[in-house]
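Visitor: Dumping the structure here so I can ask a few things about it.
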Amino acid sequence: MRVAVLGSGYAGLTLARKLEQTLPDSVSLVVVDEEPEHLVQHELHRVVRRPSLADEITVDLDAVLDCEVRQATVTDVSPDEGTATLDGSETLSYDVGAVCLGAQTAFYDLPGVREHAAPLKRLDDAREIREQFLDLGDGDRVVVGGAGLSGVQVAGELAEMASDSDIEVLLLEQEDAVAPSFPASFQSAVHDALVDAGVTVRTGTGVAGADADAIALEDGTDLAMDQFVWTGGIEGSPALDADRPVVRADLRLGESTFAVGDAARVVDSDGEAVPASAAAAIREARVAADNIGTLVDQQQGGPGDFQPRLTQYQFNVPGWLVSVGDDAVAKVGPSILTGRAALALKTTVGAGYLGTVGAVQNAVDLVSEELDLHDEKPDSE
């Protein structure tokens, strides 16, 4: 019997680690990813300002997994048939599987945006953003399109890099507030942190297109720019035809296939849409591991009409965290934290995650890097 985990982002790696601990020895586990390393995506913005952090936020899959790890691109998935196509030609069959392919940047067919804006999904993207920024001079403007958490974080990094120059960092958001999917108290604190960091914030401003020198706005005006970063939304993996299919609280996509993390739009056991986030993906993976184990037990028990009872996912996270340059904002229950308290919490969460996936040295190095950076910084109120 074979169990396949397609993708090794937050959902895929967490799921694979859990399955290694719980699947019977008679079951073969295979993890497929186009990269040999796991990327700690929520720290990717840091690489724009500090390229050396790339080593701390990449984890060699072979070092933390004790199963078959196959480096290949998943180009198609047939969830009801239990097959995946690898590199456009090879067929991988599985008895139970999980689609954990994450999401890619959505450009919404906006004219010129794909051609003239840099996304932030990979290490190479962070390096490109850095190189473009370092070519700017006084009086130039860099525009970040989209004020979700990724947009907020990269704008904060660029503002720190621009602090000794006359380069403007402008953050655009189509909705009426930054961090639009989050509680109002968190939005307000994030907005204030951005302004304090030197970011110009424009909300209620949608992008209609772009060329090499300007961004066309939905109100019919043009916004001159010298660099454009796009974090305006996500769409599904090409293996799912760029779709993010809706799955219910048991995370089932097909008869013996689950979809976990940003690859799908999850509706939890309360009927609520789950926001795309690392925190949700990790928690969904634990539910998926339970349900995969249930189906494995059923299939190994032989044929029958018995429908197993699957665990239902309920969205529940303790709070939210976001970096804003050398500051951070955290919402823990009703409380909002900023300054050293929020920075310490964010570092602890990042290091804790690395520890849970077996990357202990990465966790130690990340904490050391963060302490070195913030040791001399004054506390924020």
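For the sequence shown, the residue numbers in full-length UniProt numbering are 1 to 381.
Backbone N, C-alpha and C define an ideal beta-carbon position, used for all residues, glycine too.
1) Classify residue 347 as helix, strand or coil using the three-state DSSP reduction.
2) So, residue 32 versus residue 70, is the Cβ gap smaller than 8 Å?
3) From the DSSP secondary-structure annotation, give me the bridge partner or partners of residue 38.
4) From residue 178 to residue 143, what does the alpha carbon distance come to, in whole angstroms?
5) How do the stretch 261-270 and the stretch 243-250 stand: do at least 3 beta-carbon pairs fall below 8 Å, yes or no?
6) Within a Cβ cutoff of 6 Å, which residues of the same chain sit near residue 140, ignoring the five residues on either side of it in sequence?
7) From residue 135 to residue 162, what does the alpha carbon distance come to, in whole angstroms?
8) Tell me which residues share the same chain as residue 282 and place their Cβ nearer than 6 Å to its Cβ, disregarding the 5 neighbours each side in the sequence.
9) Taking the beta strand (DSSP E) that residue 331 belongs to, which residues open and close that run?
10) Is residue 376 helix, strand or coil by DSSP?
11) Would you identify the three-state DSSP class for residue 19, choosing helix, strand or coil?
12) Along the chain, where does the beta strand (DSSP E) containing residue 171 start, and where does it finish?
13) Buried or exposed: residue 353, going by 16 or more other Cβ atoms within 10 Å of its Cβ?
14) Less than 8 Å between CB atoms is the rule here; does residue 290 satisfy it with respect to chain B?
15) Shortest alpha-carbon distance to residue 86 belongs to which of 22, 44, 6, 325?
16) Nearest-angstrom Cα distance between residue 296 and residue 89?
17) Which residues share a DSSP beta bridge with residue 200?
18) Does the Cβ of residue 106 have 16 or more other Cβ atoms within 10 Å, making it buried, or fewer, making it exposed?
19) Cα separation between residue 275 and residue 119?
20) Does DSSP classify residue 260 as helix, strand or coil?
21) Helix, strand or coil for residue 300 per DSSP?
22) Relative to the C-alpha of residue 199, which residue among 223, 154, 212 is closest?
23) Determine the contact status of residue 221 and residue 175, defining contact as a CB-CB distance below 8 Å.
24) Assign residue 108 to one of two classes, buried (16 or more other C-beta atoms within 10 Å of its C-beta) or exposed (fewer than that).
25) With the cut-off set at 8 Å, would you say residue 101 and residue 133 are in Cβ contact?
26) Can you check the stretch 54-141 for any alpha helix (DSSP H) of at least 4 residues that lies completely inside it and give the ranges in chain order?
27) What separation, rounded to the nearest whole angstrom, lies between the Cα atoms of residue 20 and residue 208?
28) For residue 378 and residue 78, what's the separation of their Cα atoms in angstroms?
Guide: Let's see:
1) helix
2) yes
3) According to DSSP, which records beta bridges pairwise, residue 38 is partnered with 59.
4) 15 Å
5) Yes: at least three Cβ pairs fall under 8 Å.
6) Cβ within range, chain order: 167, 226.
7) 12 Å
8) 10, 14
9) 327-332
10) At residue 376 the pLDDT is 48, less than 50, meaning the model places this residue with poor confidence; the figure from the coordinates comes in the next sentence. If DSSP states are grouped into helix, strand and coil, residue 376 belongs with coil.
11) helix
12) 168-172
13) Burial state of residue 353 is buried, judged by a 10 Å Cβ sphere holding 16 or more other Cβ atoms.
14) This model lacks chain B altogether; it includes just one protein chain.
15) 6
16) 27 Å
17) 170
18) With 16 or more other Cβ atoms from the protein chains shown falling within 10 Å of its own Cβ, residue 106 counts as buried.
19) 20 Å
20) coil
21) Reduced to three states, the DSSP call for residue 300 is helix.
22) 154
23) no
24) Only exposed fits residue 108, as fewer than 16 other CB atoms lie within 10 angstroms of its CB.
25) No. Outside cutoff.
26) 61-64, 113-116, 123-134
27) 47 Å
28) Residue confidence for residue 378 is low, a pLDDT of 43 falling below 50, so the modelled location carries little weight; the figure read from the coordinates is stated next. Between residue 378 and residue 78, the C-alpha separation is close to 54 Å.
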